[in-house]
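What follows is a short report on a single structure.
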């Protein structure tokens, strides 16, 4: 019979999916979703114009439904009849497709092939919104299970690993990851890369860790190349810091992580140049021209610096009123650092790509979506802190207690008894396997 700790994670996935099925009418089929749906229909064989019309109908149907939902909450109009003309008005208004329609803006989505390609069969079976949502929701459910595996690889007990899975689903990762956009696949694949990094930092399963990291990176680059172009360099920095400042991390696994991450970074750079993918300069012009509906600017970098100062200063002011994210990030970093410094550096590197994305795109309306992967630090680090505090009896720094069997003589007979003695303080490098045969270097 399957043990209970193996059943609970699967039941958690079922509950998570059922909750989002219930909430499905309240999710928004956005402008981005329209573009992914159009690509999915093109993959199914529809010509461009027909694919655009199908995607537009899905967008207008969802827009009309959202307007009706809003009226149902209005204290005056909640009893008004349904307005059937809003759907047709939307189709007429956007007969040539949704704006912005600038080719440079469209190129940003043409480079994200994997998500609509994977979603195409589901779009054919369920429709545009439901099909895209099903794929995003499936990847998010998988991401929670990968967090569970990751925490178990860090020797967290099943209840603590399950806590990490739950946090993945109830934080903004679950919110944004279940919408018909790329966040669900993107974050799940980043967790897969992080799991590969953990295996490499531990010095075990080096081949599996390298293959998992490269495979997740390859698929992630096709999902949202701009985000995964950041992961490689960040992991290069994390592994280099571990090798320089953590003597116990100087083994083949960490060196392999450095090589793999450097390889991924170079491949991302080469692919971007070879395929002429939109770069950071295009992204800045997209931001400051409002998707090329205004003229391009001559000084995008100077504008970025000034806008970043305004954005982050006000962001800190907003966080000061209810600093839940900053507080949880501090706890997550503490928990990860107390478990393993090299693994904590990798966690901060992957989660930090969200902050780097927000620095490059300081757009207040989409801030929490752009830096959503920073919540991975909380999802992984907080359960590790809970486990550390649990083992120390709730007092940070207090050594846990273990029971050692001793053999003692009593009246000529040997008797087993137990002696309680403190364990040595928990090493910050527990995630690193210190066996000489594993780390000969």
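Residue numbers (this note's numbering): 752 to 1192.
Beta carbons: idealized from backbone N, C-alpha and C, even for Gly.
Remember, it's a predicted structure, so these values are computed and weren't measured experimentally.
With 16 other Cβ atoms within 10 Å as the buried cut-off, status of residue i
i	result
residue 1203	Lying outside 752 to 1192, the shown extent of the chain, residue 1203 is not represented and no answer is given.
residue 1037	buried
residue 972	buried
residue 1161	Its pLDDT being 39, under 50, residue 1161 is placed unreliably in this model, and the value from its coordinates should be taken loosely. It counts as exposed.
residue 1164	Only weak support exists for where residue 1164 lies, its pLDDT of 44 falling under 50; the coordinates are left without a value.
residue 827	exposed
residue 1116	exposed
residue 757	exposed
residue 1065	exposed
residue 844	exposed
residue 919	buried
residue 1131	buried
residue 1126	buried
residue 934	buried
residue 1182	Annotation note: pLDDT 40 at residue 1182 (below 50); position unreliable, no value reported.
residue 901	buried
residue 1167	At residue 1167, the pLDDT of 43 sits below 50, so the modelled position is not reliable and the matter cannot be decided from this model.
Residue of the options minimising C-alpha distance to residue i
i	options	result
residue 1054	1032, 762, 804 and 833	1032
residue 1121	1103, 1138 and 1132	1103
residue 767	1023, 943 and 895	895
residue 697	930, 1083, 755 and 1110	The structure shown does not extend to residue 697, since the chain spans only 752 to 1192, so no value can be given for it.
residue 1142	807, 785 and 906	906
residue 846	963, 806 and 822	806
residue 1059	816, 1129, 1097 and 1118	1118
residue 1077	1128, 1021 and 1057	1128
residue 1080	1124, 1000 and 989	1124
residue 786	1140, 856 and 1083	856
residue 948	1070, 797, 935 and 963	963
residue 816	779, 801 and 798	779
residue 852	1073, 883, 1019 and 803	803
residue 1049	1035, 1061 and 829	1035
residue 927	904, 1057, 777 and 760	777
residue 922	1140, 1133 and 824	1133
residue 1113	1070, 868 and 1063	1063
Nearest-angstrom Cβ-Cβ length linking residue i and residue j, presumed shorter than 8 Å
i	j	result
residue 1089	residue 1136	7 Å
residue 951	residue 871	Not really, about 34 Å apart at Cβ, beyond 8 Å.
residue 990	residue 1008	4 Å
residue 898	residue 925	With 8 Å as the limit, residue 898 and residue 925 do not qualify as a contact, their Cβ atoms being about 11 Å apart.
residue 937	residue 987	20 Å between Cβ atoms; not a contact.
residue 1098	residue 945	7 Å
Chain C contact for residue i (CB, 7 Å cutoff)
i	result
residue 1142	As a matter of chain content, chain C is missing from the structure shown, which is built from one protein chain.
Next on the checklist: Does the stretch 779 to 792 come into contact with the stretch 872 to 889, if we say contact requires no fewer than three beta-carbon pairs (one atom in each stretch) closer than 8 Å?
Outcome noted: yes
Item to check | Inter-stretch contact at 8 Å, needing at least 3 Cβ pairs: the stretch 951 to 968 / the stretch 999 to 1009 | outcome: yes
Next on the checklist: Please give me, in chain order, every unbroken run of the alpha helix (DSSP H) with length at least 4 that falls completely inside the stretch 809 to 844.
Outcome noted: 836 to 844
Next on the checklist: I'd like to know if the stretch 1020 to 1028 and the stretch 827 to 847 are in contact, where contact means that at least 3 CB-CB pairs between them fall below 8 Å.
Outcome noted: no
Checklist entry - Which full runs of the alpha helix (DSSP H) of 4+ residues lie inside the stretch 883 to 957, going along the chain? => result 909 to 921, 923 to 928 and 934 to 952
Next on the checklist: Contact between the stretch 809 to 818 and the stretch 837 to 853 is defined here as three or more beta-carbon pairs at a separation below 8 Å; is this criterion met?
Outcome noted: yes
Checklist entry - Does the stretch 1011 to 1018 come close enough to the stretch 975 to 991 to have 3 or more Cβ pairs within less than 8 Å? => result yes
Item to check | Given 8 Å, three or more beta-carbon pairs between the stretch 986 to 996 and the stretch 1082 to 1097 | outcome: yes
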